[in-house]
DNA sequence: AAATCACTTCTTTTATACCATATTAAAATA
DNA sequence: TATTTTAATATGGTATAAAAGAAGTGATTT
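Chains as they are written, first to last, in this note's numbering: chain A, 1 to 235; chain B, 1001 to 1235.
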């Protein structure tokens, strides 16, 4: 028992060097990963005892972690207060994306003013990598796509915006991933990214905002299409 | 002991009729109120045991409540993990408002399409009440101002947007309240509300978005001014 | 006299035990 | 046989106790 504690302690100290991270925060990170990577499918019940045992922690920090994910929208409680992985409808997803579009338009606009040349170069490089034919794995392409958006918002240096954007991205991760597998719209994506990049280079705020919104509204179409096919398949 | 339980049970049932609310959620609501109403000033430490005793609950649900408020940005942890009421700098507040402006512009735009005539009438009535000289209490005027914004966003019927807007509003409540006491800009506020209302009546999306953004950027100026004066006073 | 180290105290963090409720399965009755 | 009721089990909610960590205080040493 003493050994186990020493081991846990060591892990903790190594894992979180800067601002010490609590078990709850670690658990939240783990759960978020699980949900995003579909190890926990939408609708999956999350019994506190089982999950806490699986993560090797007690229920107290796990419950706190789950509260975090509820606010982030990744976990929801049924009418009988049983927690499950959130399973948003297409309508809800579209609502999320509308907010996401506004956030990214804002972030992109600010980035046009605030982004350093280094940041812009990184973003351009990422885009060129995506445009080259080196990326064959769809999952890898999807990750780069997500990173493209994140980098732009981060370039705004608006912390609350970055955090809120991260939360909306997390809610939408799965839907976008599914849509990215189904749609063959790599060409479209690249064109829209190009438009965004050019607005960034020119530091053209209005152009950026329009390009961002257009890009996200394409996303809505793709997801709607993917979802509809999914449903037809099921029936 | 049995009596006490029965009593608590009754309270619980009465307090949360629809989706049964946990003590943590109740506590979060209470704490939020306290913070918004300045019963707990920014920077105030929040020792768990004292607060839980004051609220008459144990520390477990209180801790969960505090986690919620951390995500919402109303509570933050010091480097030594001691919780305190968040005390954002002027720069951070300005960043919040920029996001809030984007959210309200989006909400207003959607409301132009989605708002029912009843909803529009309610909003107009509220605005007229504010414009009449019946409201003398600055706090009351401020509440109505907040409600004006909330009603418009709610008219968008975009749930995640409404929730995120609520959170940003909560973070900004205090700053806006202070600014509302200091600035004599009732006239300006009313004019800008009028512009917003007219855009809503005409269901003019672009006009609404511009009016909303303009209104929020005025808010930035007011808060900056109030904050500067506050600091000068202190020195 | 100042500085440092150890010890005590206070606060957060985690675990565990208990309680109330919801779900289920089984049994009894119609 | 089907339906309803009841009992058992599993699950979330809450409280409390034990553990870990940080800060303050006092004593000792240089």
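Ideal placement from N, C-alpha and C gives every residue a C-beta, glycine not left out.
From a predicted model like this one, the values you see are computed outputs, not experimental measurements.
When Cβ pairs closer than 8 angstroms are counted between the two stretches, the region 77 to 93 of chain A is seen to touch the region 41 to 55 of chain A, the count reaching three or more.
Looking only at A:153, A:32, A:34 and A:210, the smallest Cα-Cα distance to residue 116 of chain A is reached by A:153. Taken in chain order, the whole beta strand (DSSP E) runs of length 3 or more contained in the region 62 to 90 of chain A are 75 to 77 and 83 to 85.
Residue burial is scored here from C-beta neighbours: residue 137 of chain A has fewer than 16 other C-beta atoms within 10 angstroms and is therefore classed as exposed.
By a beta-carbon distance limit of 8 angstroms, residue 51 of chain A contacts residue 62 of chain A. Their separation comes to about 6 angstroms.
Beta-carbon to beta-carbon, residue 1214 of chain B and residue 1192 of chain B are separated by about 6 angstroms, close enough to satisfy the 8 angstroms threshold. From the beta-carbon of residue 164 of chain A, the residues of chain B found nearer than 7 angstroms are 1099 and 1164. Relative to residue 126 of chain A, the option among A:109, A:139, A:149 and A:110 whose CA is nearest is A:149.
Neighbours of residue 161 of chain A across chain B, judged by C-beta separation under 8 angstroms: 1095, 1098 and 1099. Annotation: residue 123 of chain A to residue 196 of chain A spans about 10 angstroms, alpha carbon to alpha carbon. Between residue 1167 of chain B and residue 1073 of chain B, the C-beta spacing is below 8 angstroms. Residue pairing for residue 1042 of chain B: DSSP places it in no beta bridge.
In the structure shown, residue 137 of chain A adopts coil according to DSSP, grouped into three states. Three or more beta-carbon pairs separated by less than 8 angstroms link the region 1099 to 1108 of chain B to the region 1155 to 1174 of chain B, which places the two stretches in contact. Interface annotation, residue 103 of chain A: in contact with chain B, CB-CB separation under 8 angstroms.
Sorting B:1021, B:1202 and B:1173 by C-alpha distance to the C-alpha of residue 1034 of chain B places B:1173 at the top.
Assignment of residue 1224 of chain B by DSSP, reduced to helix, strand and coil, places it in the helix class. Taking 8 angstroms as the Cβ-Cβ cut-off, the region 108 to 126 of chain A approaches chain B at 110, given in chain order.
Counting only runs that start and end inside the region 114 to 193 of chain A, the alpha helix (DSSP H) elements of at least 4 residues fall at 117 to 131, 138 to 155 and 159 to 182. Within chain B, the residues whose beta carbon sits less than 8 angstroms from that of residue 158 of chain A are 1095, 1098 and 1099, listed in sequence order. If the five residues before and after residue 24 of chain A are omitted, its C-beta is found closer than 7 angstroms to the C-beta atoms of 61, 64 and 65, all from its own chain and listed in chain order. In this structure, residue 68 of chain A sits away from residue 1081 of chain B, with a CB-CB distance that is not shorter than 8 angstroms.
Here the alpha carbons of residue 190 of chain A and residue 133 of chain A stand approximately 12 angstroms from one another.
Secondary structure of residue 1203 of chain B (DSSP, three-state): coil. Its Cα nearest to that of residue 28 of chain A, the residue A:70 stands out among A:49, A:70 and A:39. For residue 1071 of chain B, the nearest beta carbon of chain A is closer than 8 angstroms to its own beta carbon.
Rounded to the nearest whole angstrom, the CA to CA distance from residue 1225 of chain B to residue 1089 of chain B is 13 angstroms. Take residue 119 of chain A, set aside five residues on each side of it, and the residues of its chain with a beta-carbon closer than 6 angstroms to its own are 155, in chain order. For residue 64 of chain A, the nearest beta carbon of chain B is closer than 8 angstroms to its own beta carbon. Under a 10 Å Cβ-count criterion, residue 228 of chain A is classified as exposed, with fewer than 16 other Cβ atoms of the shown protein chains found around its own Cβ.
By a beta-carbon distance limit of 8 angstroms, residue 1094 of chain B contacts residue 1220 of chain B. Their separation comes to about 6 angstroms. If you draw a straight line from the Cα of residue 1021 of chain B to the Cα of residue 176 of chain A, it is about 33 angstroms long.
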